Amino acid sequence: MTKAELCLQKLRELTEIKENYPLANLTSYHIGGPAKYYCQLTELRLIPLIWQLIKQWQMPHCLLGSGSNVLINDLGYEGLVIRVGLNKIDVNEQTIVASSDISLVSLVSTALENNLSGLEFAVGIPGSTGGAVVGNAGAYGGQIADLVTNCLILNEEYRLVTLTKEQLQFSYRDSIFKHRDLLLIQTTFNLAPGLSSEIQRKMLEYNTDRWSKQPAYPSAGSVFKNIVLTEQVLAVLKKTISQEIPDQYRQYGKIPAAWLIDLAGLKGKCFGGAMISEKHANFIINYNQATSADVIQAINFIKNKVNDLFQIKLEEEIRYIGF
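Mind the numbering: the sequence shown is residues -5 to 317 in the working numbering, read in order.
The structure is reproduced here in structure tokens:
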């Protein structure tokens, strides 16, 4: 037996392992082939044991959250796809504790139900709480890092430990989870008491604005990170862009990737069944049974064009699985 087969034999003693499991419908893109193996972790006590087996037997594996910011290969994934499914959310005064599989929709709704303010910016953002923490999701001047107190994680020694906000090393669309082999189990958020009417007003304002700008077709949300406006970036753009950089971008401290893609005249351009959205240039939509190859072609075209025209290297915000 191979290492993978021996590992699977041991894993099946702890949890259900499914084979050739379809993944496309687990993602917001509705793109991708099947996982050779798939399991869902629903018991906290078993997670360290399962994780240790996977690592020690060198089983090819990847984590899949809500699938809202991923692109899966048309050929699928030749390994084990894992989802955390603890389904835990608790409220204690101003604190919410949520397992990584809880959707942002549920987290925001729970805050509203308990008259807790701070998460209004996250209304309408697809995805899981875990994904939002890992990528330090943000919008409308807010970010997840501002609200995190600590995270329960499984470390490289297969121990459950708590990391403080400082230890999580948050930065723009980044955290320690992108640089170390850690498994996020749950996050503790500290919110502020608020008026239900004011919380709802902000949520309605942000949601209305979001839906006025974002396409309705399947997508992975914003494909590229916005560009941090350093002195070096500013100097480059002054040479390559004929118009003035809008004041709101200077105040925000970032150049929207969508602005550069729009300036490059790429809205509406098609690559097979994938299209650069005419509504929001940083969205590549699945408008006609797109394949992962179509989306990759669009991504590479955008990166090359923006670099050629503006000498700016765009960096993907989405995650690739199976490539």
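Ideal placement from N, C-alpha and C gives every residue a C-beta, glycine not left out.
Please read all numbers here as calculations on a predicted model, not as lab measurements.
(1) Per DSSP, what kind of secondary structure is Met197 in: helix, strand or coil?
(2) Please identify the residue among Thr202, Asn63, Ile290 and Glu87 whose C-alpha is closest to the C-alpha of Gly118.
(3) Identify the continuous alpha helix (DSSP H) that holds Phe295 and give its terminal residues.
(4) Assuming Asn14 contacts Lys30 under a Cβ cut-off of 8 Å, what Cβ separation, rounded to an integer in Å, is found between them?
(5) Does DSSP put Ala251 in a helix, a strand or coil?
(6) Ala105 lies in the beta strand (DSSP E); which residues open and close that run?
(7) Excluding the 5 residues preceding and the 5 following Asn144 in the sequence, name in chain order all residues of the same chain whose CB lies nearer than 7 Å to its CB.
(8) Report yes if the C-beta distance between Leu308 and Ala251 is below 8 Å; otherwise report no.
(9) Please state whether DSSP places Asp84 in a helix, a strand or coil.
(10) Suppose contacts are defined by Cβ-Cβ distances below 8 Å. Is Ala214 in contact with Ile312 by that definition?
(11) Nearest CA to the CA of Ile179: which residue from Gln245, Glu310 and Ser94?
(12) Three-state secondary structure (DSSP) at Gly124?
(13) Please say whether Ile255 and Gly262 have beta carbons closer to each other than 8 Å?
(14) With a threshold of 8 Å, are at least 3 pairs of Cβ atoms found where one atom belongs to the region 182 to 200 and the other to the region 99 to 113?
(15) Using the beta-carbon count (16 or more within 10 Å), is Val222 buried or exposed?
(16) What separation, rounded to the nearest whole angstrom, lies between the Cα atoms of Leu69 and Gly26?
Per the coordinate set shown:
(1) Locating residue 197 in the sequence shown gives position 203, where the first residue counts as 1. Note: Met197 maps to helix in three-state DSSP.
(2) Indexing the sequence shown from 1 puts residue 118 at position 124. Selected option, being the one with the closest Cα: Thr202.
(3) Residue mapping note: residue 295 aligns to position 301 of the sequence shown, counting from 1. Looking at the DSSP string, the run of the alpha helix (DSSP H) that includes Phe295 is Ser286 to Phe304.
(4) By one-based count along the sequence shown, residue 14 stands at place 20. By one-based count along the sequence shown, residue 30 stands at place 36. Going by Cβ atoms, the distance from Asn14 to Lys30 rounds to 7 Å, so yes, they are a contact pair.
(5) For the purposes of this step, residue 251 is identified with residue 257 of the sequence shown, where counting begins at 1. When DSSP states are grouped into helix, strand and coil, Ala251 belongs to the helix group.
(6) Position 111 of the sequence shown, counted from the start, is the residue given in the question as residue 105. No beta strand (DSSP E) contains Ala105, which is instead part of the alpha helix (DSSP H) from Leu98 to Glu107.
(7) One-based indexing of the sequence shown puts residue 144 at position 150. Result list for Asn144: Thr156, Leu157, Thr158, Lys159 and Thr182, in chain order.
(8) Against the sequence shown, residue 308 aligns to sequence position 314. Against the sequence shown, residue 251 aligns to sequence position 257. Cβ distance < 8 Å, so Leu308 and Ala251 count as in contact.
(9) Counted from its first residue, the sequence shown places residue 84 at position 90. It is a strand residue.
(10) Looking up residue 214 in the sequence shown gives position 220. Looking up residue 312 in the sequence shown gives position 318. The answer is yes: Cβ separation under 8 Å.
(11) As a first step, residue 179 is located in the sequence shown; it is residue number 185 there, counting from the start. Checked all of Gln245, Glu310 and Ser94; the closest Cα to Ile179 is Ser94.
(12) Counted from its first residue, the sequence shown places residue 124 at position 130. In this structure, Gly124 counts as helix in the three-state DSSP scheme.
(13) Taking the sequence shown and counting its residues from 1, the one referred to as residue 262 is at position 268. Taking the sequence shown and counting its residues from 1, the one referred to as residue 255 is at position 261. No.
(14) yes
(15) Against the sequence shown, residue 222 aligns to sequence position 228. Its Cβ having fewer than 16 others within 10 Å, Val222 is exposed.
(16) On the sequence shown, position 75 is the one that residue 69 refers to. On the sequence shown, position 32 is the one that residue 26 refers to. Our two residues, Leu69 and Gly26, have alpha carbons roughly 7 Å apart in a direct line.
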